[in-house]
Structures are given as structure tokens and as C-alpha cells.
Amino acid sequence: MSGALFERLQKRAVEIHVEEHLRARLERGEPLRVKLGLDPTAPDLHVGHLVPLDVLREFQDDGHTVVLIVGDFTAMIGDPSGRSETRPILTREQVDAAARTYLEQIHLVLDRERLEVRRNSEWLGEMKGADVLRLLGKATLQQVLQREDFADRLKAGTPIGAHEILYPFNQAYDSVAIHADVEIGGTDQLFNLLFGRE
130 MSGALFERLQ
140 KRAVEIHVEE
150 HLRARLERGE
160 PLRVKLGLDP
170 TAPDLHVGHL
180 VPLDVLREFQ
190 DDGHTVVLIV
200 GDFTAMIGDP
210 SGRSETRPIL
220 TREQVDAAAR
230 TYLEQIHLVL
240 DRERLEVRRN
250 SEWLGEMKGA
260 DVLRLLGKAT
270 LQQVLQREDF
280 ADRLKAGTPI
290 GAHEILYPFN
300 QAYDSVAIHA
310 DVEIGGTDQL
320 FNLLFGRE
């Protein structure tokens, strides 16, 4: 494990939050838990998935633990990021079928022997009402509605489903549940990723 990985990440990343912290941990050779969450909402990965998967492979090759979160629970809610309207709610069967093909394709890029795969239904599906209320208590509705996609929809008078408000809380909790040190995601996920850091 080395600082060379940090230099490669710096060249590829649009943003690295708490850059000095990540650099120091990599230079000290600390093993990190690196998380990427993907909601299986379609049968195939798309080209936008390749960059984060390639970055995960670099972490694997540098000796870190890579954790892939299959967002089987959050896929049924539908990620509102970058959306001008509510996503259709998927069935468990649709999500499971897409998850199978996602994993087949992911294993073409990532070393399956060095990949920890978790489904977020393991913890989100087990939450009780009191757990959900405690989680919702971590932020205000105003904070959630400040995200650009929700603000745009409010301004346009486009409905926002109550279930969509839960999405950033759920994605943030994924990071807590698996004790992620590093989170990889697209720029459209920045709000959700930073939400988990808080």
C-alpha cells in the first residue's frame, strides 16, 4: 500500500473530500474499507459504472478491502439523484434479476476473491419504526430539500414522493453499516455520500 495510489486517484477524481486524511492513511499503509453502492435497476451496467469499478480494482490491487453494496432495498425506493420525476417502484423480483446480471458483469472487472458483496436489505430491511425515526432525526427536511434535484422539482411544481426523502438517509446508513473508510461514487451522488459522512 502506498501513496502512489493517492496520486493516481488525484488524477482521476473530480473531487476528493478530506484529501489530506486519505493521503495520510494511504501513505501510512493503513488497510481501508472502500465502498461502492449500486442499485440494480436495469439488467446491465452502463459505461458510467466502469470508472468507479476501475478505481475499486486499483484499491483491490493495493491491498484494500473493497465492499460492493448491492442496493436491493434502495433500488425499490428509486434514487432521486438527478431525476426530474419520481422513479417507478420496482418489485423484489425485478431488483433480484438485475442484481444477478450486475454481479456477473462486475466480476469481469473486480477480483471476486477479494470482493465483499453485501445487500443493503441486510440492515435496511431489518429496521424497525424506531430505528427509522432515529435515522430521520439526523437531518432536517430543509437539508434534504436543498439538494439540487429536489429544489428544482419544488420550483417546477413537480411532485416528490415521500419515499424519495428517505433515499439519502438509507444510502448514508449503508456506509455506517459496513464501516466504510472511503466511498466511491459519481458526482450525482455527492449529496448522499457526504450525508453519510455526517
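Numbering (the working numbering), first residue to last: 130 to 327. The C-beta atom is built at its ideal place from N, Cα and C for all residues, glycine as well.
_Gly258, DSSP secondary structure in three states_ = Sequence index remark: in the sequence shown, residue 258 carries index 129 (1-based). Correct three-state label for Gly258: helix.
*Going straight from the alpha carbon of Leu283 to that of Leu270, what length do you get?*
Along the sequence shown, read from residue 1 onward, the residue named residue 283 stands at position 154. Along the sequence shown, read from residue 1 onward, the residue named residue 270 stands at position 141. Going by the C-alpha atoms only, they are around 13 Å apart.
_Opening and closing residue of the alpha helix (DSSP H) in which Glu293 lies_ = Within the sequence shown, the letter at position 164 stands for residue 293. It spans 291–307 - the alpha helix (DSSP H) in which Glu293 sits, taken as one unbroken run.
*Mind checking who Lys164 pairs with in its DSSP beta bridge?*
Walking along the sequence shown from the start, residue 164 turns up at place 35. According to DSSP, Lys164 bridges with Val196, Glu312.
_Taking DSSP's pairing of strands, which residues face Arg248 in a bridge?_
Working through the sequence shown from its first residue, we reach residue 248 at position 119. For Arg248, which the question treats as bridged, DSSP gives the partners Val199.
*Which residue from Asp183, Ala171, Arg263, Leu232 puts its Cα closest to that of Val163?*
Taking the first residue of the sequence shown as 1, we reach residue 163 at position 34. The candidate whose alpha carbon is nearest that of Val163 is Asp183.
*asked:* Can you tell me where the alpha helix (DSSP H) holding Arg243 begins and where it ends?
replied: If you number the sequence shown from 1, residue 243 lands on position 114. Counting along the chain, Arg243 falls outside any alpha helix (DSSP H), and DSSP gives it neither H nor E.
_Give me, in chain order, the residues of the same chain whose beta-carbon lies closer than 6 Å to that of Val195; leave out the 5 immediate sequence neighbours on both sides._
For the purposes of this step, residue 195 is taken as residue 66 along the sequence shown, with counting starting at 1. So the qualifying residues of the chain are Val163, Leu185, Phe188, Gln189, Leu244.
*Buried or exposed for Gly166, please, with buried defined as at least 16 other CB atoms from any protein chain shown within 10 angstroms of its CB.*
For the purposes of this step, residue 166 is identified with residue 37 of the sequence shown, where counting begins at 1. When all chains shown are included, Gly166 counts as buried.
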